[in-house]
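Trainee: Let me begin by handing over the structure; questions about it come next.
Numbering (full-length UniProt numbering), first residue to last: 1 to 221.
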(Lines of atoms letter the chains of each structure in order from A; the text may use other names.)
(Lines give C-alpha, C1' and ligand atoms only; values in the text may rest on other atoms or scores of the structure.)
Protein backbone atom coordinates (compact mmCIF):
# COMPACT_ATOMS: atom_id res chain seq x y z
CA UNK A 1 0.00 0.00 0.00
CA UNK A 2 2.85 2.36 0.82
CA UNK A 3 4.32 1.73 -2.63
CA UNK A 4 1.01 2.62 -4.24
CA UNK A 5 0.80 5.91 -2.38
CA UNK A 6 4.41 6.62 -3.26
CA UNK A 7 3.54 6.06 -6.92
CA UNK A 8 0.57 8.41 -6.67
CA UNK A 9 2.83 11.00 -5.09
CA UNK A 10 5.26 10.71 -8.00
CA UNK A 11 2.41 10.96 -10.50
CA UNK A 12 1.24 14.15 -8.83
CA UNK A 13 4.74 15.61 -8.90
CA UNK A 14 5.11 14.74 -12.58
CA UNK A 15 1.56 15.64 -13.61
CA UNK A 16 2.49 18.63 -15.75
CA UNK A 17 5.27 16.73 -17.50
CA UNK A 18 2.87 13.88 -18.26
CA UNK A 19 0.16 16.26 -19.47
CA UNK A 20 2.59 18.04 -21.80
CA UNK A 21 3.70 14.70 -23.21
CA UNK A 22 0.10 13.52 -23.59
CA UNK A 23 -0.90 16.76 -25.28
CA UNK A 24 1.97 16.50 -27.74
CA UNK A 25 1.12 12.88 -28.52
CA UNK A 26 -2.49 13.82 -29.21
CA UNK A 27 -1.41 16.73 -31.41
CA UNK A 28 1.02 14.57 -33.39
CA UNK A 29 -1.55 11.81 -33.84
CA UNK A 30 -4.39 14.11 -34.92
CA UNK A 31 -2.22 16.00 -37.40
CA UNK A 32 -0.76 12.82 -38.88
CA UNK A 33 -4.18 11.17 -39.16
CA UNK A 34 -5.83 14.26 -40.68
CA UNK A 35 -3.07 15.03 -43.18
CA UNK A 36 -2.53 11.35 -43.98
CA UNK A 37 -6.24 10.79 -44.56
CA UNK A 38 -6.58 13.75 -46.93
CA UNK A 39 -3.50 12.70 -48.90
CA UNK A 40 -4.64 9.07 -48.73
CA UNK A 41 -7.98 9.90 -50.34
CA UNK A 42 -6.12 11.56 -53.21
CA UNK A 43 -3.86 8.52 -53.50
CA UNK A 44 -6.86 6.19 -53.53
CA UNK A 45 -8.60 8.25 -56.22
CA UNK A 46 -5.44 8.23 -58.35
CA UNK A 47 -5.11 4.46 -57.99
CA UNK A 48 -8.74 3.94 -58.95
CA UNK A 49 -9.44 6.55 -61.60
CA UNK A 50 -6.05 7.86 -62.72
CA UNK A 51 -4.55 7.20 -66.13
CA UNK A 52 -1.88 4.53 -66.51
CA UNK A 53 1.22 6.73 -65.95
CA UNK A 54 -0.35 8.31 -62.86
CA UNK A 55 -1.39 4.93 -61.47
CA UNK A 56 2.13 3.62 -62.02
CA UNK A 57 3.72 6.52 -60.12
CA UNK A 58 1.21 6.42 -57.25
CA UNK A 59 1.45 2.61 -57.03
CA UNK A 60 5.23 2.87 -56.75
CA UNK A 61 4.84 5.50 -54.01
CA UNK A 62 2.31 3.42 -52.10
CA UNK A 63 4.28 0.18 -52.28
CA UNK A 64 7.54 1.89 -51.32
CA UNK A 65 6.08 3.70 -48.32
CA UNK A 66 4.12 0.68 -47.09
CA UNK A 67 7.23 -1.47 -47.35
CA UNK A 68 9.41 0.96 -45.40
CA UNK A 69 9.50 0.78 -41.57
CA UNK A 70 8.01 3.84 -39.90
CA UNK A 71 11.22 4.40 -37.93
CA UNK A 72 13.19 4.67 -41.17
CA UNK A 73 10.68 7.24 -42.49
CA UNK A 74 10.99 9.25 -39.28
CA UNK A 75 14.79 9.26 -39.39
CA UNK A 76 14.83 10.04 -43.11
CA UNK A 77 12.41 12.94 -42.68
CA UNK A 78 14.52 14.44 -39.90
CA UNK A 79 18.04 13.83 -41.19
CA UNK A 80 17.86 13.39 -44.97
CA UNK A 81 15.40 16.12 -45.94
CA UNK A 82 17.70 18.75 -44.41
CA UNK A 83 20.48 17.71 -46.81
CA UNK A 84 18.32 18.70 -49.79
CA UNK A 85 17.34 22.06 -48.34
CA UNK A 86 14.10 21.12 -46.59
CA UNK A 87 14.55 22.22 -42.99
CA UNK A 88 12.07 20.65 -40.60
CA UNK A 89 12.23 20.61 -36.83
CA UNK A 90 11.73 17.33 -35.00
CA UNK A 91 8.01 17.83 -34.54
CA UNK A 92 7.41 18.74 -38.18
CA UNK A 93 9.57 15.89 -39.46
CA UNK A 94 7.77 13.40 -37.26
CA UNK A 95 4.31 14.53 -38.32
CA UNK A 96 5.39 14.51 -41.97
CA UNK A 97 6.73 10.94 -41.72
CA UNK A 98 3.61 9.63 -39.99
CA UNK A 99 1.30 11.46 -42.41
CA UNK A 100 3.11 9.98 -45.41
CA UNK A 101 2.94 6.50 -43.90
CA UNK A 102 -0.74 6.97 -43.05
CA UNK A 103 -1.50 8.17 -46.59
CA UNK A 104 -0.18 4.97 -48.16
CA UNK A 105 -2.47 2.85 -46.02
CA UNK A 106 -5.51 5.10 -46.39
CA UNK A 107 -4.92 5.16 -50.15
CA UNK A 108 -5.19 1.38 -50.31
CA UNK A 109 -8.27 1.47 -48.09
CA UNK A 110 -9.98 3.99 -50.37
CA UNK A 111 -8.99 2.07 -53.52
CA UNK A 112 -10.31 -1.20 -52.13
CA UNK A 113 -13.58 0.37 -50.98
CA UNK A 114 -14.23 2.06 -54.32
CA UNK A 115 -13.38 -1.01 -56.38
CA UNK A 116 -15.66 -3.15 -54.22
CA UNK A 117 -18.70 -1.17 -55.38
CA UNK A 118 -20.45 -2.97 -58.28
CA UNK A 119 -19.79 -1.34 -61.67
CA UNK A 120 -23.49 -1.46 -62.39
CA UNK A 121 -24.09 1.41 -60.00
CA UNK A 122 -21.79 3.70 -61.99
CA UNK A 123 -23.47 2.63 -65.21
CA UNK A 124 -26.90 3.30 -63.73
CA UNK A 125 -25.79 6.78 -62.64
CA UNK A 126 -24.56 7.51 -66.16
CA UNK A 127 -27.84 6.26 -67.56
CA UNK A 128 -29.81 8.86 -65.62
CA UNK A 129 -27.47 11.64 -66.69
CA UNK A 130 -25.27 12.12 -63.65
CA UNK A 131 -21.78 13.51 -64.20
CA UNK A 132 -18.78 11.69 -62.78
CA UNK A 133 -18.56 14.23 -59.96
CA UNK A 134 -22.23 13.75 -59.09
CA UNK A 135 -21.86 9.98 -59.32
CA UNK A 136 -18.85 9.99 -57.05
CA UNK A 137 -20.25 12.33 -54.38
CA UNK A 138 -23.80 10.96 -54.31
CA UNK A 139 -23.38 7.27 -55.16
CA UNK A 140 -19.84 5.96 -54.80
CA UNK A 141 -18.27 7.88 -51.92
CA UNK A 142 -21.05 7.33 -49.34
CA UNK A 143 -20.87 3.58 -49.93
CA UNK A 144 -17.07 3.53 -49.89
CA UNK A 145 -17.02 5.52 -46.65
CA UNK A 146 -19.17 2.92 -44.89
CA UNK A 147 -16.83 0.15 -45.99
CA UNK A 148 -13.57 1.90 -45.15
CA UNK A 149 -14.41 3.28 -41.69
CA UNK A 150 -13.51 0.18 -39.61
CA UNK A 151 -10.15 -0.20 -41.36
CA UNK A 152 -9.51 3.54 -41.13
CA UNK A 153 -10.00 3.37 -37.36
CA UNK A 154 -7.35 0.64 -37.17
CA UNK A 155 -4.96 2.78 -39.21
CA UNK A 156 -5.60 5.78 -36.98
CA UNK A 157 -4.83 3.68 -33.90
CA UNK A 158 -1.59 2.54 -35.53
CA UNK A 159 -0.58 6.18 -35.99
CA UNK A 160 -1.00 6.80 -32.27
CA UNK A 161 1.25 3.86 -31.49
CA UNK A 162 3.75 4.91 -34.16
CA UNK A 163 4.01 8.35 -32.54
CA UNK A 164 6.18 6.73 -29.86
CA UNK A 165 8.95 6.43 -32.47
CA UNK A 166 9.33 10.19 -32.56
CA UNK A 167 11.17 10.01 -29.26
CA UNK A 168 14.28 8.88 -31.17
CA UNK A 169 14.56 12.32 -32.81
CA UNK A 170 13.92 14.18 -29.58
CA UNK A 171 10.19 14.89 -29.76
CA UNK A 172 9.07 15.09 -26.14
CA UNK A 173 5.88 13.09 -26.59
CA UNK A 174 4.37 10.86 -23.93
CA UNK A 175 6.89 8.00 -24.13
CA UNK A 176 9.95 10.26 -23.90
CA UNK A 177 8.41 12.21 -21.02
CA UNK A 178 7.66 8.92 -19.27
CA UNK A 179 11.26 7.79 -19.71
CA UNK A 180 12.50 11.09 -18.30
CA UNK A 181 10.30 10.63 -15.22
CA UNK A 182 11.49 7.04 -14.75
CA UNK A 183 15.11 8.18 -14.91
CA UNK A 184 14.43 10.26 -11.80
CA UNK A 185 12.30 7.94 -9.67
CA UNK A 186 13.14 4.48 -11.14
CA UNK A 187 9.47 3.42 -11.09
CA UNK A 188 9.68 1.72 -14.49
CA UNK A 189 6.80 -0.74 -14.22
CA UNK A 190 4.37 1.75 -12.71
CA UNK A 191 4.96 4.59 -15.14
CA UNK A 192 5.12 2.43 -18.25
CA UNK A 193 1.81 0.93 -17.16
CA UNK A 194 0.40 4.45 -16.74
CA UNK A 195 1.67 5.42 -20.18
CA UNK A 196 0.03 2.32 -21.62
CA UNK A 197 -3.28 3.34 -20.07
CA UNK A 198 -3.00 6.82 -21.56
CA UNK A 199 -2.28 5.42 -25.03
CA UNK A 200 -5.25 3.09 -24.61
CA UNK A 201 -7.44 6.07 -23.71
CA UNK A 202 -6.43 7.89 -26.90
CA UNK A 203 -7.10 4.86 -29.08
CA UNK A 204 -10.38 4.17 -27.31
CA UNK A 205 -11.49 7.73 -28.06
CA UNK A 206 -10.60 7.21 -31.74
CA UNK A 207 -12.56 3.96 -31.77
CA UNK A 208 -15.62 5.61 -30.26
CA UNK A 209 -15.38 8.46 -32.76
CA UNK A 210 -15.22 5.93 -35.58
CA UNK A 211 -18.30 4.16 -34.23
CA UNK A 212 -20.13 7.48 -33.99
CA UNK A 213 -19.33 8.37 -37.60
CA UNK A 214 -20.25 4.85 -38.68
CA UNK A 215 -23.69 5.23 -37.10
CA UNK A 216 -24.14 8.60 -38.80
CA UNK A 217 -23.38 7.30 -42.28
CA UNK A 218 -25.10 3.95 -41.96
CA UNK A 219 -28.20 3.21 -43.99
CA UNK A 220 -31.30 2.83 -41.77
CA UNK A 221 -32.64 -0.72 -41.92
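Note that CB positions come from ideal geometry on N, CA and C, so glycine has one too. Since the model is a prediction, treat every value here as computed from it, not as a measurement.
#1: Are there 16 or more other CB atoms within 10 angstroms of the CB of residue 66, so buried, or fewer, so exposed?
#2: Could you give the DSSP three-state label for residue 131: helix, strand or coil?
#3: For my contact list, residue 44 and residue 114 are in at a C-beta cut-off of 8 Å; report their separation, rounded to the angstrom.
#4: Would you grab the beta carbon distance between residue 17 and residue 202 for me? Rounded to a whole angstrom, and I think it's under 8 Å.
#5: Does the Cβ-Cβ distance between residue 217 and residue 140 come in under 9 Å?
#6: Would residue 91 and residue 176 qualify as a contact pair, given that the criterion is a beta-carbon distance under 9 Å?
#7: Can you tell which of 104, 191, 20, 204 has the C-alpha that lies nearest to the C-alpha of residue 8?
#8: Just to confirm, are residue 76 and residue 159 a CB contact at a threshold of 9 Å?
#9: Quick one: residues in its chain with C-beta nearer than 8 Å to the C-beta of residue 179, no 5 flanking neighbours on either side, listed in chain order?
#10: Between the Cα of residue 171 and those of 52, 57, 60, 95, spot the shortest distance and give me the residue it belongs to.
#11: Thinking just about the alpha-carbon of each residue, which of 30, 61, 27 is nearest to the one in residue 42?
#12: Excluding the five sequence neighbours on either side, which residues of its own chain have a C-beta within less than 6 Å of the C-beta of residue 104, listed in chain order?
#13: Which full runs of the alpha helix (DSSP H) of 4+ residues lie inside the stretch 61-117, going along the chain?
#14: Where residue 209 and residue 59 are concerned, what is the direct C-alpha to C-alpha distance, given to the nearest angstrom?
#15: Using the Cα positions of residue 184 and residue 6, report the straight-line distance between them to the nearest angstrom.
Mentor: Quick answer:
#1: As a working note, residue 66 is residue 66 in the chain shown. With fewer than 16 other Cβ atoms within 10 Å, it is exposed.
#2: By 1-based counting over the chain shown, the position of residue 131 is 131. DSSP places residue 131 in coil when its eight states are reduced to three.
#3: Counted from its first residue, the chain shown places residue 44 at position 44. Counted from its first residue, the chain shown places residue 114 at position 114. At roughly 7 Å, the Cβ-Cβ gap stays under 8 Å, so residue 44 and residue 114 are in contact.
#4: In the chain shown, residue 17 corresponds to position 17, counting from 1. In the chain shown, residue 202 corresponds to position 202, counting from 1. Residue 17 to residue 202, Cβ: 17 Å. No contact.
#5: Residue numbering aside, residue 217 sits at position 217 when the chain shown is read from its first letter. Residue numbering aside, residue 140 sits at position 140 when the chain shown is read from its first letter. Contact flag unset, no.
#6: For the purposes of this step, residue 91 is taken as the residue at position 91 of the chain shown. For the purposes of this step, residue 176 is taken as the residue at position 176 of the chain shown. Against a cut-off of 9 Å, the Cβ pair of residue 176 and residue 91 comes out as no contact.
#7: The residue given as residue 8 occupies position 8 in the chain shown. Here the closest residue by C-alpha is 191.
#8: Residue numbering aside, residue 76 sits at position 76 when the chain shown is read from its first letter. Residue numbering aside, residue 159 sits at position 159 when the chain shown is read from its first letter. Cβ atoms of residue 76 and residue 159: not closer than 9 Å.
#9: Along the chain shown, one-based indexing puts residue 179 at 179. Taken in chain order, the residues that qualify are 167.
#10: Start at 1 with the first residue of the chain shown, and residue 171 comes out as number 171. When each option's Cα is compared against that of residue 171, the closest is 95.
#11: If you number the chain shown from 1, residue 42 lands on position 42. Considering only alpha carbons, the answer is 61.
#12: For this step, residue 104 is matched to residue 104 along the chain shown. Closer than 6 Å at the Cβ level, and outside the excluded window around residue 104, lie 62, 65, 66.
#13: 70-75, 90-115
#14: One-based indexing of the chain shown puts residue 209 at position 209. One-based indexing of the chain shown puts residue 59 at position 59. One C-alpha to the other measures close to 30 Å.
#15: Along the chain shown, read from residue 1 onward, the residue named residue 184 stands at position 184. Along the chain shown, read from residue 1 onward, the residue named residue 6 stands at position 6. Going from the Cα of residue 184 to the Cα of residue 6 covers about 14 Å.
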